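A.B. asks:
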Amino acid sequence: MEVMDKWVAEFFIRRQKNPRVSPTNLLSALKFSESAGDCSNNLKKASVLRDISDSLIRGNVSEGMLDLLETLEKLHQGSSVLTESHRSAYCWTAAECTVRLMWPSSASEGLYGDAVERIWTKRIGVLKERGSGLVSEELLKWEADLRKAVEDDEVYKRIRESNVRYSAVCFLNQLLKEQWAVLGSCSLESVAQRMLLKRRKADKGSREGPNGVGESTRRLDEGEKENDAAEQEEEEERTMGSAQEQGLVDEGDEMAARELKDYLLEIQRQIDSSFTRQLQEPNNANITPQPSRVNSTRTSGQQQDSASESRVRPHLPTPEPLNVSPLKKKRANPAARRIKKFWTPEEEAVLREGVKEYGKSWKEIKNANPEVFAERTEVDLKDKWRNLVR
DNA sequence: ATAGGGGTACTA
DNA sequence: TAGTACCCCTAT
1 MEVMDKWVAE
11 FFIRRQKNPR
21 VSPTNLLSAL
31 KFSESAGDCS
41 NNLKKASVLR
51 DISDSLIRGN
61 VSEGMLDLLE
71 TLEKLHQGSS
81 VLTESHRSAY
91 CWTAAECTVR
101 LMWPSSASEG
111 LYGDAVERIW
121 TKRIGVLKER
131 GSGLVSEELL
141 KWEADLRKAV
151 EDDEVYKRIR
161 ESNVRYSAVC
171 FLNQLLKEQW
181 AVLGSCSLES
191 VAQRMLLKRR
201 KADKGSREGP
211 NGVGESTRRL
221 DEGEKENDAA
231 EQEEEEERTM
241 GSAQEQGLVD
251 EGDEMAAREL
261 KDYLLEIQRQ
271 IDSSFTRQLQ
281 EPNNANITPQ
291 PSRVNSTRTS
301 GQQQDSASES
311 RVRPHLPTPE
321 PLNVSPLKKK
331 RANPAARRIK
341 KFWTPEEEAV
351 LREGVKEYGK
361 SWKEIKNANP
371 EVFAERTEVD
381 LKDKWRNLVR
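In full-length UniProt numbering, the protein residues as written are 1 to 390.
1. Going by other Cβ atoms of all chains shown within 10 Å of its Cβ, with 16 needed for buried, is G184 buried or exposed?
2. Report the three-state DSSP secondary structure of T377 (helix, strand or coil).
3. Contact check, S187 vs E10 under 8 Å by CB: the rounded distance?
4. Mind checking whether K340 and K360 have CB atoms under 9 Å apart?
5. Is V48 near L68, with beta carbons less than 9 Å apart?
6. I'd like the span of the alpha helix (DSSP H) that includes P104, first residue to last.
7. Considering only the alpha carbon of each residue, which of S106, A368 and T98 lies closest to K157?
8. Identify whether A202 lies in helix, strand or coil by the three-state DSSP scheme.
9. Rounding to the nearest angstrom, what Cα-Cα distance links D114 and T121 in this structure?
10. Output the distance between the C-alpha atoms of V164 and V191, rounded to the nearest integer angstrom.
11. Using the Cα positions of K141 and L134, report the straight-line distance between them to the nearest angstrom.
12. Which two residues bound the contiguous alpha helix (DSSP H) that contains R160?
13. CA-CA distance, W180 and A94?
14. Return the Cβ separation of L176 and S53 in integer angstroms, given the expectation that the two are a contact with Cβ distance under 8 Å.
15. Compute the Euclidean distance between the alpha carbons of F342 and I159, then round it to the nearest angstrom.
16. Find the nearest neighbour of V379 within the set L172, L351 and R14, judged by alpha-carbon distance.
17. Using DSSP with H/G/I as helix, E/B as strand and the rest coil, what is E129?
18. Can you give the Cα-Cα distance for E178 and E84, rounded to whole angstroms?
19. Tell me which same chain residues have a C-beta within less than 8 Å of the C-beta of S145, skipping the five on either side of it?
20. Skipping 5 residues on each side, what residues in its chain have a beta carbon closer than 6 Å to that of W385?
21. Helix, strand or coil for T83, going by three-state DSSP, please let me know.
22. Kindly give me the distance between the Cβ atoms of G59 and E364, rounded to whole angstroms, as I take these residues to be in contact under 8 Å.
23. Give me, in chain order, the residues of the same chain whose beta-carbon lies closer than 8 Å to that of G64; leave out the 5 immediate sequence neighbours on both sides.
24. May I ask you to report which of helix, strand or coil DSSP gives S361?
25. Under 9 Å, do V61 and C97 count as touching if we go by C-beta distance?
26. Give the straight-line distance between the Cα atoms of R337 and N173, rounded to the nearest whole angstrom.
27. Would you mind sorting I119 into buried or exposed? The rule is 16 or more other CB atoms within 10 Å of its CB.
28. Between which residues of its own chain and G110 is the CB-CB distance below 7 Å, once the five residues before and five after are set aside?
29. Using a Cβ-Cβ cut-off of 8 Å (strictly less than) and excluding sequence neighbours within five positions of E151, which residues of its own chain qualify?
30. Which same chain residues, not among the five before or five after T276, have their C-beta less than 6 Å away from its C-beta?
31. Whose CA, out of Q77, K44 and K366, lies closest to the CA of G131?
32. Who are the near neighbours of F171 in its chain, counting only those whose CB is closer than 7 Å to its CB and skipping five residues on each side?
33. Kindly indicate which three-state DSSP category P370 falls into: helix, strand or coil?
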């Protein structure tokens, strides 16, 4: 049944607009065995792509992105050549991670020197050692320029003015587009398409003239072309719904279809319930299975029934609420005040940089630097800026 | 989500 | 008492 788990996991990871499902968490919760080669690899690729995409949506182009790009490269090893967009995305993201720290007017102040060390000497040094394909000419050129900027204030100022971030984002988007296309249909979708094919055959054999066949063909073509994740889901529903209504597919497929649909509903319920249930005690590592089920053969609790079709349900960890405000995190009783904490020079610097980049969008600035501003609210940023400009 | 008024703690 | 830095509340 692990194959089924993988299909569903893949489906969820591919599906957009589901921020509660973090690919990394989902995969670690499901604990797949490493054995099942190709399937696992695609699953991992999909999960890395989702992570990149999520990061991008949140406007977060940081060193974590470099980790993801390196992971993606490793997943490709042996199977295919690195694409140009992958190399460029890595190169410009690395540049952006360095250039974003050019907030002081000269290289000798601030964190720039550290960043060059950390990213270009250590991180990219490792890449060079293992002969990574990510080390492109473009990358080496950037390295030379950024190193020159440590010494030469003219070069520093020139680079400081350029909009590296924009290029990085463009290349990352390009990479995503290409990689999703290469991955093709997800397994669930392929199954749905196969079922459509079968039904079309059945249609042809049992009833109707060329009209019905033409209709089915058109719908199949749609399914093949559209790769948008939302569409995939609709395709799923339609296929399974009609498979049940018409009873035209053979029994095995029908059972599989029910199974899949059940499974999806189950996971969706778990996700929904963990969304609404945040006030409960924090030590519930496992989610209690929901009692209501269509076919109520299951007992509640950890043990599953022993029937032949029993399967292991995934136990998703309760997601950490995103971005808990320090206001709420720190104090349980609303009477107390937060402890006064002075701003560090780093926080100040990152704030200046943030305002330069985003303007007075305090929330965006905070989201772009979640670690630095972990203890600050958007309002804090606003207040601090008020102080700084006074 | 953000801007602005105002409170608290501290310093000189 | 005034000035500063940080924090909180509330109207828009």
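Note that beta-carbon positions come from the ideal geometry of N, C-alpha and C, so glycine has one too. These numbers come from a predicted model, not from an experiment.
C.D. replies: On the basis of the data shown:
1. In the assembly as shown, G184 is an exposed residue. Its beta-carbon has fewer than 16 other beta-carbons within 10 Å.
2. It is coil, neither helix nor strand.
3. Their Cβ separation, rounded to whole angstroms, is 6 Å, which keeps S187 and E10 in contact under 8 Å.
4. With contacts defined by Cβ atoms closer than 9 Å, K340 and K360 do not form a contacting pair.
5. Cβ atoms of V48 and L68: closer than 9 Å.
6. P104 -> no alpha helix (DSSP H), and no H or E assigned at all.
7. Cα-wise, what sits closest to K157 is S106.
8. Note: A202 maps to helix in three-state DSSP.
9. So the two alpha carbons sit approximately 10 Å from each other.
10. If you take the alpha carbons of V164 and V191, they lie about 42 Å apart.
11. Put simply, the backbone Cα of K141 is about 13 Å away from that of L134.
12. Counting along the chain, the alpha helix (DSSP H) containing R160 begins and ends at D153 to E161.
13. For W180 and A94, the distance between alpha carbons rounds to 22 Å.
14. So it is a contact: roughly 6 Å between Cβ atoms.
15. Between the alpha carbons of F342 and I159 lies a gap of roughly 32 Å.
16. Closest option to V379, Cα to Cα, is L351.
17. In this structure, E129 counts as helix in the three-state DSSP scheme.
18. Each residue's alpha carbon lies about 10 Å from the other.
19. A small correction: the amino acid at residue 145 is Asp; Ser does not occupy that position in the sequence shown. The residues V155 and I159, in chain order, have a CB closer than 8 Å to that of D145 in the same chain once the five nearest residues on each side in sequence are set aside.
20. Closer than 6 Å at Cβ, skipping near neighbours: no residue.
21. T83 falls in the coil class under three-state DSSP.
22. Correct: roughly 6 Å between the Cβ atoms.
23. Excluding positions up to five away in sequence, the list reads S55.
24. The answer is coil: DSSP assigns S361 none of H, G, I, E or B.
25. Yes, the pair counts as a contact, with Cβ atoms nearer than the cut-off.
26. Rounded to the nearest whole angstrom, the CA to CA distance from R337 to N173 is 43 Å.
27. Flag for I119 reads buried.
28. Result list for G110: L101, W103, P104 and A349, in chain order.
29. Excluding residues within five positions, the ones whose Cβ falls inside 8 Å are A107.
30. Any reading at T276 must be qualified, since the residue scores a pLDDT of 40, below 50, and its modelled position is unreliable; no value is offered.
31. Answer by Cα proximity: Q77.
32. Within the same chain, F171 has close Cβ partners S85, S88, A89 and W92.
33. Of the three classes helix, strand and coil, the one that applies to P370 here is coil, per DSSP.
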